[in-house]
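Undergrad:
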Amino acid sequence: MKTRRLLTLLALAGVVAASYVLLVRPQAAHAVTAPAAAAPRGGVPLVRLAAAEQRDVAVEVEANGTVVPLSSVEIRPHVTRQLTQVHVKEGQFVAADTLLFSLDDRGERAALDRAQAQLDRDQAVLADLERQYRRSSELSSQKFISASAADGVQTQVESQRALVQADLAAVRSAQVDLSYTAIRAPSAGRVGVVNVYAGSLVQANAVLASVTQIDPIAVSFTVPEKGVAALLGAAKSGPVAVSAALPDAVLTGRLSFIDSSVDAVAGVIRIKAQFDNADTRLWPGQYVQTRITLSRLRGAVVVPLAAIITQSDGALVYSVDEQQSARPRKVRLLHAFGNLAAVDGLKVGERVVIEGKQNLRPGVKVNVGKDALLANAGSRP
Numbered sequence: 005m006k007t008r009r010l011l012t013l014l015a016l017a018g019v020v021a022a023s024y025v026l027l028v029r030p031q032a033a034h035a036v037t038a039p040a041a042a043a044p045r046g047g048v049p050l051v052r053l054a055a056a057e058q059r060d061v062a063v064e065v066e067a068n069g070t071v072v073p074l075s076s077v078e079i080r081p082h083v084t085r086q087l088t089q090v091h092v093k094e095g096q097f098v099a100a101d102t103l104l105f106s107l108d109d110r111g112e113r114a115a116l117d118r119a120q121a122q123l124d125r126d127q128a129v130l131a132d133l134e135r136q137y138r139r140s141s142e143l144s145s146q147k148f149i150s151a152s153a154a155d156g157v158q159t160q161v162e163s164q165r166a167l168v169q170a171d172l173a174a175v176r177s178a179q180v181d182l183s184y185t186a187i188r189a190p191s192a193g194r195v196g197v198v199n200v201y202a203g204s205l206v207q208a209n210a211v212l213a214s215v216t217q218i219d220p221i222a223v224s225f226t227v228p229e230k231g232v233a234a235l236l237g238a239a240k241s242g243p244v245a246v247s248a249a250l251p252d253a254v255l256t257g258r259l260s261f262i263d264s265s266v267d268a269v270a271g272v273i274r275i276k277a278q279f280d281n282a283d284t285r286l287w288p289g290q291y292v293q294t295r296i297t298l299s300r301l302r303g304a305v306v307v308p309l310a311a312i313i314t315q316s317d318g319a320l321v322y323s324v325d326e327q328q329s330a331r332p333r334k335v336r337l338l339h340a341f342g343n344l345a346a347v348d349g350l351k352v353g354e355r356v357v358i359e360g361k362q363n364l365r366p367g368v369k370v371n372v373g374k375d376a377l378l379a380n381a382g383s384r385p
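Here the sequence shown is numbered in the numbering used here, starting from 5 and rising by one per residue.
(1) For Ser-345 and Val-321, I'd like the C-alpha separation in whole angstroms.
(2) Taking the alpha-carbon of Asn-343 as reference, which of Ala-54, Val-48, Leu-50 has the nearest alpha-carbon?
(3) Short of 6 Å in beta carbon distance, which residues of its chain neighbour Gly-237, apart from the five on each side in sequence? Order them along the chain.
(4) Looking at the strands, I want to know which residues DSSP matches up with Glu-78.
(5) Taking Glu-57 as the reference, give the member of Thr-70, Gly-360, Gly-353, Ser-329 with the closest Cα.
(6) Give the range of the beta strand (DSSP E) segment to which Val-321 is assigned.
(7) Could you tell me which residues DSSP pairs with Gly-257 in its beta bridges?
(8) Indicate the three-state DSSP secondary structure (helix, strand or coil) for Asp-108 in the structure shown.
(9) On the premise that Gln-290 lies in contact with Val-90, defined as a C-beta separation below 8 Å, what is that separation, rounded to the nearest angstrom?
(10) Tell me where the alpha helix (DSSP H) around Ser-451 begins and ends.
(11) Using the rule of at least 16 other Cβ atoms within 10 Å of the residue's Cβ for burial, across every protein chain shown, is Asn-380 buried or exposed?
(12) Tell me, which residues are paired with Ser-329 by DSSP?
(13) Helix, strand or coil for Leu-172, going by three-state DSSP, please let me know.
(14) Quick check on DSSP: helix, strand or coil for Ser-145?
(15) If I'm right that Asp-101 touches Ala-186 with Cβ under 8 Å, what's the distance once you round it to whole angstroms?
(16) Mind reading off the beta-carbon distance from Phe-225 to Gly-69? Whole number of angstroms is fine, and I expect it under 8 Å.
(17) Cβ of Val-335 within 9 Å of Cβ of Val-347?
(18) In its own chain, which residues sit with a C-beta less than 8 Å from the C-beta of Val-329, not counting the 5 before and 5 after it?
(19) For a quick check, are the C-beta atoms of Glu-229 and Val-269 less than 9 Å apart?
(20) So the candidates are Leu-107, Leu-103, Asp-126; which of them puts its Cα closest to the Cα of His-82?
(21) Take the Cβ of Asp-132 as the centre, count every other Cβ of all protein chains shown within 10 Å, and call the residue buried at 16 or more, exposed below.
(22) Got a sec, what are the start and stop residues for the beta strand (DSSP E) Thr-88 sits in?
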């Protein structure tokens with residue numbers, strides 16, 4: 005009997021315990037496991053600032069350039085002749101007027117000798133006629149011969165003088181023909197591939213070699229058309245420096261050419277810079293990184309480029325005042341260089357937001373982190 009009563013009491017206790025778990029514990033369990041409520045909207049954004057600085061900024065343009073020779077001439081003969089001698093080697097540096105190739109010149113020398121002999125003969129005849137004319141003039145003045153006789157001798161003298169002039173022209177022509185058999189370098193430079201050998205019969209206008217001027221040399225590149233006005237202004241005020249970066253050095257040259265028109269398709273203008281190249285650091289066809297200074301902004305206000313927000317109607321930055329309120333400021337981008345930008349519309353010392361801009365709205369309070377320094381932006385003026 006006692007056992008049955010005990011079992012009944014245990015059953016009732018189990019029912020009570022189960023009811024407690026079902027009715028009371030779910031709320032407690034839910035309160036423990038529920039996730040923390042999200043922070044209320046309108047919290048203070050965390051931002052990072054940088055102060056606007058004043059400095060002189062060089063307005064520079066960087067572009068990929070190609071090294072090009074100032075001149076590269078194909079050596080071609082004027083006449084078809086046998087090549088008798090090659091005086092240079094491939095890759096040799098030569099001065100202007102250096103003898104490169106000799107052609108068979110026997111025919112041209114014979115023609116020159118013949119023209120010279122004819123000139124000598126006619127000059128001798130002219131000298132004799134001039135003596136006769138002087139005697140005739142004396143006799144005519146003394147009335148020993150008629151004036152018409154003296155005039156006849158004078159006519160012969162003038163005719164012979166014209167003949168001598170023709171002979172002189174023939175000699176010069178023969179000298180020109182002879183010069184075609186001695187092929188010389190039109191300018192100083194480096195000899196390219198030599199395509200012929202001594203004993204070859206070379207045809208007129210066939211390429212024998214090339215001479216490429218190496219020193220000085222030029223670099224050709226393009227700049228955007230928006231920089232044309234500044235480029236022309238800089239060129240008028242004096243020499244414009246251009247640098248060419250090599251893996252181990254930076255070379256400095258000067259602007260030498262501005263094209264006469266802008267490429268309407270690409271929106272660029274082609275320019276060239278000339279470099280001294282005695283040490284042959286630059287080679288035709290080589291690619292180099294060029295930089296040209298178009299102008300210089302004196303006392304410009306500079307901020308990190310990360311602070312600028314570009315919109316359809318211009319650019320703006322968020323400026324933070326002493327009350328830690330962020331306000332948008334319209335600015336005009338003057339020039340971007342590296343990680344910095346020169347702008348108009350800010351004062352020196354104003355703090356602008358460079359990180360956390362996406363959380364801002366006009367007048368919002370901000371939580372300011374550590375300020376950034378422009379000196380650490382890794383850019384040079």
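Positions of the beta carbon are idealized from the N, C-alpha and C atoms, including for glycine.
All values reported here derive from a predicted model rather than from experimental measurement.
TA: Reading from the atomic positions:
(1) According to the sequence shown, residue 345 is Ala rather than Ser. So the two alpha carbons sit approximately 12 Å from each other.
(2) With distances taken between Cα atoms, Asn-343 lies closest to Ala-54.
(3) No residues qualify anywhere along the chain.
(4) Per DSSP, Ser-214.
(5) Of the candidates Thr-70, Gly-360, Gly-353, Ser-329, the one whose C-alpha sits nearest the C-alpha of Glu-57 is Gly-353.
(6) Residues 318-324.
(7) Within the DSSP bridge table, the entry for Gly-257 names Val-246 as partners.
(8) It is coil, neither helix nor strand.
(9) Not quite, the Cβ-Cβ distance comes to about 29 Å (not below 8 Å), so this is no contact.
(10) Nothing in the structure corresponds to residue 451, since the chain is present only between 5 and 385.
(11) Residue placement at Asn-380 is poorly supported in this model, since its pLDDT is 43, which falls under 50; the coordinates are not used for a value here.
(12) Beta-bridge pairing by DSSP links Ser-329 to Lys-369.
(13) DSSP, reduced to helix, strand and coil, places Leu-172 within a helical segment of the structure shown.
(14) Looking at Ser-145 - three-state DSSP - the assignment turns out to be helix.
(15) That pair is no contact at about 10 Å.
(16) Going by Cβ atoms, the distance from Phe-225 to Gly-69 rounds to 4 Å, so yes, they are a contact pair.
(17) Taking 9 Å as the cut-off, the Cβ atoms of Val-335 and Val-347 count as close.
(18) Looking at the sequence itself, residue 329 is Ser, so the reference to Val does not match. So the list reads Gly-367, Val-368, Lys-369, Val-370, once near-sequence residues are dropped.
(19) Contact annotation: Glu-229 and Val-269 have beta-carbon atoms that are not nearer than 9 Å.
(20) Checking every option, the nearest Cα to that of His-82 belongs to Leu-107.
(21) The C-beta of Asp-132 has fewer than 16 other C-beta atoms within 10 Å across all chains shown, which makes the residue exposed.
(22) For Thr-88, the uninterrupted beta strand (DSSP E) segment begins and ends at 85-90.
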